Amino acid sequence: MDAKQKARLFELADLILAVSRHLHAAKADPAEAWTPLEAAVMRFIDHQPGVTATQAAEATQLISSNFSRALRKLEQKGLVRRETDSEDARRVRLYPTPKAAENLRRLEDVWSGLLAEALPDAAETDATIATLRRVESQLIGRVRSGTRTG
């Protein structure tokens, strides 16, 4: 990779983090505050209801103690529930609660309102989503295969 491409990719990562910070700061209800770690865990559970804690910890790349703390806080806030696996009683599955679904609906209203001004064109929005999904899939694939850079 040449220096110009390296600088472009760094700028992309920096911009993704900046956008994330703006979205995080604009949460619908400041009383329902969560940490970035809790958000990562909640996002994964929302996308993969019924996931095991081990799977979620691996996917979010959190060490066990940080994952456990985030999960405990989400349970205390009434956003995640544990359910014993019907096929293996030793295994616990994680599910978002109705309260989590309601929070997600509020976030959808707030975040889509914020981004509507930045991305008013549907085709541009679709292209941006496709690109970011591909980037996320590639990064997840690297984690699963044990390939890391740096």
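If you count the sequence shown from 1, position 41 lands on 151 in my numbering, and the numbers rise without skipping. The beta-carbon is built from N, C-alpha and C at its ideal position, and this holds for glycine as well. In this text the structure is predicted, and so the values were computed from the model without any measurement.
Check: Whole-angstrom Cβ separation of residue 154 and residue 164, contact assumed at under 8 Å?
Finding: Not really, about 12 Å apart at Cβ, beyond 8 Å.
Item checked: 9 Å Cβ cutoff met for residue 136 and residue 220 -> Remark: C-beta atoms of residue 136 and residue 220 approach each other more closely than 9 Å.
Next item on the list: Please report the residue range of the alpha helix (DSSP H) in which residue 184 lies.
Entry: 174-186
Note to self: Using the Cβ count rule (16 or more neighbours within 10 Å means buried), how would you classify residue 232?
What the structure shows: Residue environment analysis places residue 232 among the exposed positions, since fewer than 16 neighbouring C-beta atoms fall within 10 angstroms of its C-beta.
Check: In the structure shown, what three-state DSSP assignment does residue 118 receive?
Finding: helix
Next item on the list: Quick one: residues in its chain with C-beta nearer than 6 Å to the C-beta of residue 133, no 5 flanking neighbours on either side, listed in chain order?
Entry: 221
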